[in-house]
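Just so we're aligned, residue 1 is where the sequence shown starts under the working numbering, counting upward by one.
Built from N, CA and C at the ideal position, the CB exists for glycine as well.
Take a look at the structure set out below.
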Amino acid sequence: MPDDASIANANQPDSPLTRQAQWLSQYQYGLRLSEQGTVISVGDGIAWINGLPSACMDEVVQLEDGSSALVFHLTHDRLGAILLHQTRQLTAGTQAFLTGNRLSIGVGDALLGRVIDPLGIPLDSAGSISFSTYRLLDVRSPPIIARDFVAQPLYTGNKIIDTMIPIGKGQRQLIIGDNGSGKSTLAIDTVINQHDKNVYCIYVLIGQKRSTVVSVIETLRRYGALAYTVVVVAEATAMPGLKYLAPFAGCTVAEAWMATGRDTLVVYDDLSTHARSYRELSLLLRRPPGREAYPGDIFYLHSRLLERSTRLSAKQGGGSMTALPIVETEQGEIAAYIPTNLISITDGQIYFDRQLFARGFLPAIDVTRSVSRIGGNAQHAAIKKEAGRMKLDYLQFLELEVFTRFGSKLEASMEERIKRGQILREILKQDLLSPQPVEFQMAWLVAYNEGLFDNLDLDQIRVHLMQLQEQVTDASLNIDQGRDQWKTLIRAWLK
């Protein structure tokens, strides 16, 4: 006989017995049809499946052994699927069933500070994640009518970028250069610099070694940036399908926050590996190869990813998603297929030069090849006015400096311009993992334009910059204060 407690629990509106009774009362007998397919072959992260004539592209397929796959290629007699999860029991002959669902991922504030894979499964030791909202991984980008102009600055903490190659919220700025030239370090600096700026960050690691993944996570944790960052990881040993889905997962997480009116920053590190994973899947599934063996839709793949980064209009909440895709070049060749694609898709590029890196100019950003097409519209008016002709003057200095290598005798005005250019180059050097606040950028710009560094030796520039940074931090100056006030204080500090 049931006791009084079990009878009371059964009478509760949310008890299992009540839910079961409701389900039985609504159950109806009827004929149900379901399709059943059979796995023909499995290997290298893909599966060929026979049957399932009603399958759609990007539909999730559930396999009998517990594995799951995503429909990626359709032919007249079979379909090709990329494996999302694979058990050791998966072999030819395994039954396959359609789910009728597209791939989605959990989103929301519960992801902050977590490390997940492209399916939303946690990879850290902080326990499971409970989601209240899910979003599809691959959706259309916001229409033009839902977008607004890029008008707010996003500060990277880098002296070269924040003054001469500015980035705005909602912009897509490509980071391009050879392997080991400092691209990822700049991206990490940018994430660290968003502390207390109400910007949520998503760092996507695609095909990286586990040691690199651990290093990035530990760096973000050490500088307190992991609290407002989500790290999406598809490491080098992951299946090709996960590496292909990783940037879309990071974009979906950021898009959910953008839809609620928040500002977000997404780093894709890197899209060269992503393109190679997509090429691998396409060739395995017998898609026709194109230039450099990449499939013909590789441009569309990256464009539909990066087009989702934008600034929404006020009617849509005013949120933004800024994208920093990273692409790797070989021997500085920017005319390769994937780099040229991404250069044409994005709103500008930051080019890292290995020769500058070898000469000790860090960060090794080549100002002559770097450009921000729309970032100037978002740059603060005071910074924009102080930077003014600085980029043009710096480029002219680089041309004039060539004559000094031949021992040519120059006019006094030319020698003065070369000396100021050398001072500016020394100012623009910056240590790794040391993003600078915008107030410090304003301070050294005013000091340089007022000629307060002109009488210093090059080896004294660094000392004076450190002194200036300490004074700016202690003074708590606002960038909106008048230039005369800035000039008076800076003269006193550097006296």
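A check of alpha carbon separations from Ser282 across Leu154, Leu74 and Thr163 identifies Leu74 as the nearest.
Judged by DSSP secondary structure, Ser272 falls outside any beta strand (DSSP E) and instead within the alpha helix (DSSP H) spanning Leu271 to Leu284. Going by beta carbons, Leu305 and Pro247 fall inside the 9 Å limit. It is roughly 23 Å from the alpha-carbon of Ser41 to the alpha-carbon of Asn101. The three-state reading of DSSP puts Asp263 in strand, counting E and B together.
Ranked by how close their Cα comes to the Cα of Gln208, the residues Gln194, Val139 and Thr237 have Thr237 in first place.
DSSP places Leu489 within a helical segment (H, G or I) once states are collapsed to three. Contact annotation: Asp148 and Gly170 have beta-carbon atoms nearer than 9 Å. Between Ala47 and Leu83, the beta carbon gap of about 6 Å places them in contact (Cβ cut-off 8 Å). Just measuring C-alpha positions, the residue of Ile217, Pro153 and Arg88 sitting nearest Lys197 is Pro153.
As a beta-bridge residue in DSSP terms, Leu136 pairs with Ser104. Residue range Leu458 to Ala475 is occupied by the alpha helix (DSSP H) that includes Asp459. In the assembly as shown, Thr488 is an exposed residue. Its beta-carbon has fewer than 16 other beta-carbons within 10 Å. By the neighbour-count criterion, in which 16 or more other beta carbons inside 10 Å mark a residue as buried, Arg32 falls on the exposed side.
The three-state secondary structure of Ala254, taken from DSSP, is helix. Ranked by how close their Cα comes to the Cα of Gln485, the residues Leu424, Glu255, Ala382 and Thr404 have Ala382 in first place.
With respect to the 9 Å criterion, Glu426 and Val472 are not classified as neighbours on the basis of their beta carbons. A check of alpha carbon separations from Pro363 across Thr99, Gln194, Ser25 and Ile176 identifies Ile176 as the nearest.
Within its own chain, the residues whose Cβ lies closer than 6 Å to the Cβ of Ser184, once the five positions on either side in sequence are excluded, are Asp269, listed in chain order.
Taking a contact to require three or more Cβ pairs closer than 8 Å, the stretch 215 to 231 and the stretch 185 to 204 qualify as touching.
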